[in-house]
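Undergrad: I have a structure here, written as structure tokens, and I will follow up with some questions on it.
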Amino acid sequence: MLQPRFLALLLSTFLSWSSMPTATAIPQLPAGANLKEDDGQVTIHPDPTANQTAVHLPIRATIFSGVPGPIHCRGHVVLLLDLPPPSPSPDGKSLLTTAPQCYNIPSAGNPSSSSSTAGCGNFLANKSDGCEARVFAEPNCAGYLNTVVFTPEDRAVGGQWRSLEVRCGVPAPDPESLGKPPLAGIMGQASIKENKPGRRWVG
0 MLQPRFLALL
10 LSTFLSWSSM
20 PTATAIPQLP
30 AGANLKEDDG
40 QVTIHPDPTA
50 NQTAVHLPIR
60 ATIFSGVPGP
70 IHCRGHVVLL
80 LDLPPPSPSP
90 DGKSLLTTAP
100 QCYNIPSAGN
110 PSSSSSTAGC
120 GNFLANKSDG
130 CEARVFAEPN
140 CAGYLNTVVF
150 TPEDRAVGGQ
160 WRSLEVRCGV
170 PAPDPESLGK
180 PPLAGIMGQA
190 SIKENKPGRR
200 WVG
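First residue of the sequence shown? That's 0 in numbering that gives the first Met the number 0, and the numbers climb one at a time after it.
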């Protein structure tokens with residue numbers, strides 16, 4: 000039979016264990032986050048570069064024989080251009096504009112011929128590369144039609160071209176130098192005539 004003193008000691012030990020704080024799980028910080036402690040307060044500062052995924056796209060112009068579809072160009076590829084990126088300027092603050100290079104659209108049966116007409120194109124590049132293509136109605140970059148800007152989106156651009164001229168490193172235009180859109184302010188100037196009581200408008 001257990002002694003009363005031993006029972007009291009056993010009960011005291013059990014109460015001490017039950018009053019001890021239980022361990023809690025430490026919350027996990029986001030990837031790249033760090034803790035900053037100041038004046039007894041802890042603040043979580045996530046790493047600003049943790050979610051930055053810089054993807055460098057190739058500078059590529061893909062010209063098709065067909066017309067634009069709902070999303071992509073139709074037909075087969077008649078011209079594929081992979082261009083090198085422009086070189087940085089000596090001060091490293093901008094890019095050097097490359098010399099324009101003219102390309103004729105080859106025909107499917109005779110690659111040396113320049114009589115073929117393209118109906119759609121995809122112009123892919125990072126916006127920071129500053130690439131653009133001037134498309135022409137005639138071979139040897141004659142008969143200017145339009146200028147297409149390379150974008151990082153897979154976008155189908157339609158038209159009827161027989162040649163194109165590509166260059167990169169073109170600086171983005173200053174928004175202030177473009178001026179206001181042609182229709183800016185016209186809608187705001189439109190007024191609505193109100194009929195006065197007791198008068199009728201005769202059309």
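Think of the CB as a built atom: it goes at the ideal place given N, C-alpha and C, for glycine as much as any other residue.
Looking only at its chain, what residues have a beta carbon closer than 8 Å to the beta carbon of P87, apart from the 5 residues adjacent to it on each side?
TA: Numbered from its first residue, the sequence shown carries residue 87 at position 88. If we look at P87 and ignore the five residues flanking it on each side, its Cβ neighbours are S93, L94, L95.
Undergrad: From the DSSP output, read off the bridge partner residues of L87.
TA: Within the sequence shown, numbered from 1, the residue matching residue 87 stands at position 88. Sequence check: residue 87 is Pro here, not Leu. Paired residues: L94.
Undergrad: Please report the straight-line C-alpha distance between S106 and G65, rounded to a whole angstrom.
TA: Position 107 of the sequence shown, counted from the start, is the residue given in the question as residue 106. Position 66 of the sequence shown, counted from the start, is the residue given in the question as residue 65. The straight-line gap from Cα to Cα measures roughly 13 Å.
Undergrad: Our contact map puts K126 next to P89 with C-beta atoms below 8 Å; I'd like the distance itself, whole angstroms only.
TA: As a working note, residue 126 is residue 127 in the sequence shown. As a working note, residue 89 is residue 90 in the sequence shown. Not confirmed; about 23 Å, so no contact.
Undergrad: Write down the C-beta distance between G91 and C119 rounded to the nearest angstrom, noting that I regard them as a contact closer than 8 Å.
TA: Residue mapping note: residue 91 aligns to position 92 of the sequence shown, counting from 1. Residue mapping note: residue 119 aligns to position 120 of the sequence shown, counting from 1. That belief does not hold up - the Cβ atoms of G91 and C119 are roughly 37 Å apart, past 8 Å.
Undergrad: How big is the Cα-Cα spacing for L163 and F122?
TA: Walking along the sequence shown from the start, residue 163 turns up at place 164. Walking along the sequence shown from the start, residue 122 turns up at place 123. F122 has its alpha-carbon roughly 12 Å from the corresponding atom of L163.
Undergrad: On the CB-based measure, 16 or more other CB atoms within 10 Å of its CB, does A98 come out buried or exposed?
TA: Locating residue 98 in the sequence shown gives position 99, counting from the first residue. Classification of A98: exposed, given that the 10 Å Cβ count is below 16.
Undergrad: Can you find the residues in the same chain that come closer than 6 Å, C-beta to C-beta, to A24, ignoring five residues on each side of it along the sequence?
TA: In the sequence shown, the residue the question calls residue 24 occupies position 25. With a pLDDT of 47 at A24, under the threshold of 50, the modelled position of that residue is not reliable, and no figure is offered here.
Undergrad: Just verifying my parser: in three-state terms, what is the DSSP assignment at S162?
TA: For the purposes of this step, residue 162 is taken as the residue at position 163 of the sequence shown. Strand.
Undergrad: A141 to L80, Cα distance in whole Å?
TA: Residue numbering aside, residue 141 sits at position 142 when the sequence shown is read from its first letter. Residue numbering aside, residue 80 sits at position 81 when the sequence shown is read from its first letter. The alpha-carbon atoms of A141 and L80 are separated by roughly 20 Å.
Undergrad: Sorted by chain position, which residues of the same chain lie with C-beta nearer than 6 Å to P67's C-beta, five sequence neighbours on each side aside?
TA: As a first step, residue 67 must be located in the sequence shown, where it is residue number 68. Same-chain partners within the cutoff: C119, A155, G157.
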